[in-house]
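Undergrad: Got a structure for you, written out below as C-alpha cells; questions coming shortly.
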C-alpha cells in the first residue's frame, strides 16, 4: 500500500516513485480505484503519528513528472484502443487482427529493423553533432524511464497495442500511410529536450505502417511496436542505472 510506515517505523520505499508506478500498473482493476494518501508540508506545531518526513516523501512522489507520465500512458493506451474500435465501426473499417506464427515472425523482424534504424540515427547524430550530444540526447530520453519496473515495462507492450489500433488500424486505414505516420509523429512530440526524437518518429510510423500494408495483418505492427518499446525501456533502465545525474541532457 501507499503508506510510509510499517510497524510504527518509517519505510519511505513504500511511497517511492517506483512503488507508485508499479501500483498504477498492477493494482488498478475494473471499476473505481481510490488511492489514499497523506501528502503535504507539516507545520512545526502539527503533531501526528504520520510524520513530516513521510508526508513530504509522498508529496515528492505524487509531484514527480514520471508519475504523471505513467498515468498519461495508461489512460492514453486505453482511450486510443477504445476510440479506435468505435471509429473503425463508424467508418466501416474491418482490420485483420491475427496472432499466429507468421505474424510473430514478421513482428520480431520489424522490431529488429526499428531498433537498427534507431541506433543508426543515434550514430548519425554522433557524426553530425558529436558523440557527447548524441549520448546526452539518449540519456535525456532515458531519464523519463529511470523508475520503470517490470510492471511498467510490460505495460508498454499493451500501450503499443492501443497506439497501433488507432494510428494504423483507424487513421491509416481511413486516410493512408502518410497521414497515419504524421499523426503518429505529432502524438510523440515530447518535451523540448527530446522533441527532435519525436520528429524522427515519423519514420518509425512509416516502418510500422509498411509492415501493416505488406502483411495486411494489424497484429504485426502491434507486435513490432510492443517488442521495440519493451526493449527500449529495458535498455534505458540499464543505461540510467549507470548514469550519474550530472550527465543528463544534451550538451
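Numbering (our numbering), first residue to last: -9 to 241.
Glycine included, each C-beta is placed from N, C-alpha and C at the ideal position.
Note that the coordinates shown come from a computational prediction; the quantities given were computed from them, not determined experimentally.
For residue 232, count the other beta carbons within 10 Å of its own beta carbon; 16 or more makes it buried, fewer makes it exposed. Which is it?
TA: Position 242 of the chain shown, counted from the first residue, corresponds to residue 232. So residue 232 ends up on the exposed side.
Undergrad: Leaving out the 5 sequence neighbours to the left and right, which residues in its chain are closer than 7 Å to residue 30 when beta-carbon positions are compared?
TA: The sequence position of residue 30 within the chain shown is 40, counting from 1. Within the same chain, residue 30 has close Cβ partners 45 and 49.
Undergrad: Mapping DSSP to helix, strand and coil, what is residue 0?
TA: Here residue 0 refers to the residue found at position 10 of the chain shown. Of the three classes helix, strand and coil, the one that applies to residue 0 here is strand, per DSSP.
Undergrad: So, do the region 148 to 167 and the region 80 to 87 have three or more beta carbon pairs nearer to each other than 8 Å?
TA: Because the criterion of three Cβ pairs below 8 Å is met, the region 148 to 167 and the region 80 to 87 touch.
Undergrad: Whole angstroms are fine: how far does the CA of residue 151 sit from the CA of residue 221?
TA: Within the chain shown, residue 221 is the residue found at index 231, counting from 1. Within the chain shown, residue 151 is the residue found at index 161, counting from 1. Roughly 15 Å between the two C-alpha positions.
Undergrad: Quick one: any contact between the region 118 to 134 and the region 191 to 202, if contact means 3 or more CB pairs under 8 Å?
TA: Judged by Cβ distances under 8 Å, the region 118 to 134 makes no contact with the region 191 to 202, as fewer than three pairs qualify.
Undergrad: Is the distance from the Cβ of residue 65 to the Cβ of residue 11 below 8 Å?
TA: Within the chain shown, the letter at position 75 stands for residue 65. Within the chain shown, the letter at position 21 stands for residue 11. With contacts defined by Cβ atoms closer than 8 Å, residue 65 and residue 11 do not form a contacting pair.
Undergrad: Which residue wins for smallest C-alpha separation from residue 186, given the options 108, 37, 9 and -6?
TA: Counting from 1 along the chain shown, the entry for residue 186 is found at position 196. The shortest C-alpha separation from residue 186 is found at 108.
Undergrad: For residue 212, which residues from the same chain have a beta carbon less than 7 Å from its beta carbon, with the 5 sequence-adjacent residues on both sides left out?
TA: The residue you call residue 212 lines up with position 222 of the chain shown. 150, 151 and 154, listed in sequence order.
Undergrad: Have a look at 118, 230 and 205 and flag the residue whose alpha-carbon is nearest the alpha-carbon of residue 97.
TA: As a first step, residue 97 must be located in the chain shown, where it is residue number 107. Here the closest residue by C-alpha is 205.
Undergrad: Would a C-beta distance cut-off of 8 Å place residue 209 and residue 88 closer than the cut-off?
TA: On the chain shown, residue 209 is found 219 positions in, with the first residue counted as 1. On the chain shown, residue 88 is found 98 positions in, with the first residue counted as 1. It is a contact, given that the beta carbons lie within the stated cut-off.
Undergrad: Using 8 Å as the threshold, is the C-beta distance between residue 5 and residue 47 below it?
TA: Here residue 5 refers to the residue found at position 15 of the chain shown. Here residue 47 refers to the residue found at position 57 of the chain shown. Between residue 5 and residue 47, the C-beta spacing is below 8 Å.
Undergrad: Beta-carbon within less than 8 Å of residue 3's beta-carbon, same chain only, minus the 5 sequence neighbours each way: which residues are those?
TA: As a working note, residue 3 is residue 13 in the chain shown. Within the same chain, residue 3 has close Cβ partners 9.
Undergrad: Which full runs of the alpha helix (DSSP H) of 4+ residues lie inside the region 130 to 215, going along the chain?
TA: 140 to 154, 167 to 177 and 185 to 205
Undergrad: Do residue 246 and residue 14 have their C-beta atoms within less than 8 Å of each other?
TA: Residue 246 cannot be examined here, being either before or after the span of the chain that is shown, -9 to 241.
Undergrad: Return the chain-ordered ranges of every alpha helix (DSSP H) run that is complete within the region 42 to 123 and spans a minimum of 4 residues.
TA: Listed in chain order, they are 42 to 52, 55 to 81 and 91 to 119.
Undergrad: For residue 25, does the three-state DSSP call read helix, strand or coil?
TA: Counted from its first residue, the chain shown places residue 25 at position 35. Reduced to three states, the DSSP call for residue 25 is coil.
Undergrad: Thinking just about the alpha-carbon of each residue, which of 76, 28 and -1 is nearest to the one in residue -8?
TA: The residue labelled residue -8 in the question sits at position 2 within the chain shown. Here the closest residue by C-alpha is 28.
Undergrad: Determine the extent of the alpha helix (DSSP H) in which residue 33 is found, giving its start and end residues.
TA: To locate residue 33, count along the chain shown from 1; it is residue 43. Per DSSP, residue 33 belongs to no alpha helix (DSSP H) and is neither H nor E.
Undergrad: In angstroms, rounded to a whole number, what distance separates the CA positions of residue 123 and residue 63?
TA: In the chain shown, the residue the question calls residue 123 occupies position 133. In the chain shown, the residue the question calls residue 63 occupies position 73. If I take the Cα positions, the gap works out to 28 Å.
Undergrad: Give me, in chain order, the residues of the same chain whose beta-carbon lies closer than 7 Å to that of residue 179; leave out the 5 immediate sequence neighbours on both sides.
TA: Locating residue 179 in the chain shown gives position 189, where the first residue counts as 1. 185 and 188, listed in sequence order.
Undergrad: Give the single residue among 226, 229, 218 and 223 whose Cα lies nearest to the Cα of residue 102.
TA: Your numbering for residue 102 matches position 112 in the chain shown. Measuring from the Cα of residue 102, the nearest candidate turns out to be 218.
Undergrad: The alpha helix (DSSP H) spanning residue 8 covers which residue range?
TA: Taking the first residue of the chain shown as position 1, residue 8 is located at position 18. First-last of the alpha helix (DSSP H) with residue 8: 7 to 16.
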